[in-house]
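In the numbering used here, the protein residues as written are 2 to 379.
1) Quick check on residue 345: does DSSP put it in helix, strand or coil?
2) Considering only the beta carbon of each residue, do residue 289 and residue 297 sit closer than 8 Å?
3) Would you give the residue range spanned by the alpha helix (DSSP H) that residue 250 belongs to?
4) Straight-line CA distance for residue 312 to residue 165?
5) If we count the other Cβ atoms within 10 Å of its Cβ and call it buried at 16 or more, is residue 31 buried or exposed?
6) Which one of 59, 120, 250, 89 has the shortest CA to CA distance from residue 281?
7) Between the region 211 to 218 and the region 249 to 263, do three or more beta carbon pairs fall short of 8 Å?
8) Given this structure, state the Cα-to-Cα distance separating residue 90 from residue 209, to the nearest angstrom.
9) For residue 214, write down the residues that DSSP places opposite it in a beta bridge.
10) Among 376, 63, 239, 69, which one has its Cα closest to the Cα of residue 105?
11) Just verifying my parser: in three-state terms, what is the DSSP assignment at residue 30?
12) By alpha-carbon positions, which one of 360, 308, 343 ends up nearest to residue 119?
13) Give every residue of the same chain whose Cβ lies closer than 7 Å to the Cβ of residue 344, excluding the five residues on either side of it in the sequence, and list them in chain order.
14) According to DSSP, which residues form a beta bridge with residue 100?
15) Report back the beta-carbon spacing between residue 126 and residue 86 to the nearest angstrom; my notes put them in contact at under 8 Å.
16) With distances taken from CA atoms, which of 265, 114, 196 is nearest residue 206?
17) To which residues does DSSP link residue 65 through a beta bridge?
18) Would residue 79 be called buried (16 or more neighbouring beta carbons within 10 Å of its own) or exposed?
19) Counting C-beta neighbours from all protein chains within 10 Å, is the total for residue 365 16 or more, i.e. buried, or is it exposed?
20) So, residue 276 versus residue 291, is the Cβ gap smaller than 8 Å?
21) Quick one: what's residue 234 bridged to in DSSP?
22) Exposed or buried, which one is residue 380 when buried takes at least 16 other CB atoms within 10 Å?
23) Ignore the nearest five residues each way along the sequence and tell me which others in residue 268's own chain have a CB closer than 7 Å to its CB.
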């Protein structure tokens, strides 16, 4: 499975820190950048600070974060827009090659690493889309404590805000975690237009306190996409206030398999969603049309550890108001300065309320609507 998680970023008041190292931080960068270290692994071995700043570049290999209270910032010009991220961590190991799902991860958060925060990072596993559904993990989180990725991905209590998450099969999965994904774009990619793509595979085995909740997010993709299938028979997943694209099947959800459906105790809930893939005739019999939404405190408990700036879909980093268009249902209506001669690279922002940049994507990519605040070249 190919999975790519684009970690957005920091608090509004930390926007300046996203473009330059915070005072006292440990720095990572390519040779010649002036940074203290050239790899994240080396920086993590330095315990003189818990704050690490990574300069623009692509860093290949795997990194294990094994200590608590680490905060990692990637260099970015806009702390609240994943399209501005310039730091990429990547590897190409599959689970079958590495020996386990976790061992294939590009960035791995160890069980003891509580309160880890990642900002403005692109985390990718480029093993590739395969027809045999081999897992290849971009981000593996084994910590049972708090973990936050401001704009990223998954296993503890986890919050993903304003993120871009892409994958092919069961790419949001785990057994002992509560996950809240807010204001994000979930891109399900099938190897072909007829491929089956599962977004979630909850491994919840008992009636415990864990949830997966997608809130105010956009679900889109290619192939035959379902919202999830139950890896274990107490799976609990909710989509609320989401835009569900046309790739989502009428049933919405699937059994684990015909011989082992795992649906007897599942809770697959939907509330106030919109779009072609929202609740309709033919929904799976084991799905629930909810009468009220789930609260973030029900799922995560105290939210004091979450950057509150990521609980709004306003991606601006300035307190000044914008007078540009109030809606970006089409990318061309959201910019007044996307004039001739300028193009946006793949993955870059090309539209959205308040956006004033280029609305034309480079060859090979198309400006794709995610939500009223964000369109992206894909």
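Virtual Cβ for every residue (Gly too), placed ideally from N, Cα, C.
According to the structure shown:
1) strand
2) no
3) It is not in any alpha helix (DSSP H) - residue 250 carries neither H nor E in the DSSP assignment.
4) 15 Å
5) exposed
6) 250
7) no
8) 34 Å
9) 181, 239
10) 63
11) coil
12) 308
13) 359, 361, 362, 363
14) According to DSSP, residue 100 bridges with nothing at all.
15) Going by Cβ atoms, the distance from residue 126 to residue 86 rounds to 16 Å, so no, they are not a contact pair.
16) 265
17) 109
18) buried
19) exposed
20) no
21) Answer by DSSP bridge pairing: none, since residue 234 is not bridged.
22) No answer is possible for residue 380: it lies beyond the span of the chain, which begins at 2 and ends at 379.
23) 237, 289
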